[in-house]
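S.K.: Have a look at this one.
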Amino acid sequence: MRTEQEIVDSRMVMRSLCGALALIGAAAMVYRLHPVAVGRTPFDYWLLVSMIGALHAVCLFGHVALRGRLPSFMAKAGDPAGN
351 MRTEQEIVDS
361 RMVMRSLCGA
371 LALIGAAAMV
381 YRLHPVAVGR
391 TPFDYWLLVS
401 MIGALHAVCL
411 FGHVALRGRL
421 PSFMAKAGDP
431 AGN
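For what it's worth, this note's numbering labels the leading residue of the sequence shown as 351, then goes sequentially.
Following this line, the structure appears as structure tokens:
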């Protein structure tokens with residue numbers, strides 16, 4: 351059985367990693383959208399699809415990093431969110 355300190359440590363590591371992934375994803379979106387905003391790259395369908403997916407991932411990882419649990423719409427029926 352894990353001690354309480356190990357549980358706290360693992361949750362802090364999980365939240366830190368999710369925060370890092372959210373920041374990396376946001377930086378990747380800016381890196382991808384900047385040439386389009388400047389006018390060097392044309393806007394295409396694949397960019398729109400990939401940005402929607404990236405935005406979803408950034409929001410999900412950011413929510414886990416800030417709150418420490420999954421959003422309530424992802425929780426199983428009958429269980430409280432994040433358990």
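Beta carbons are placed, not taken as given, at the ideal position from N, Cα and C, and that holds for glycine.
Which residue marks the beginning of the alpha helix (DSSP H) containing proline 385, and which one marks its end?
M.R.: From DSSP, the alpha helix (DSSP H) with proline 385 extends over 354-388.
S.K.: Which two residues bound the contiguous alpha helix (DSSP H) that contains phenylalanine 411?
M.R.: Residues 395-417.
S.K.: Taking the alpha carbon of phenylalanine 411 as the reference point, which residue from Glu356, Met362 and Gly369 has its own alpha carbon closest?
M.R.: Residue Gly369 is the option with its Cα nearest to phenylalanine 411.
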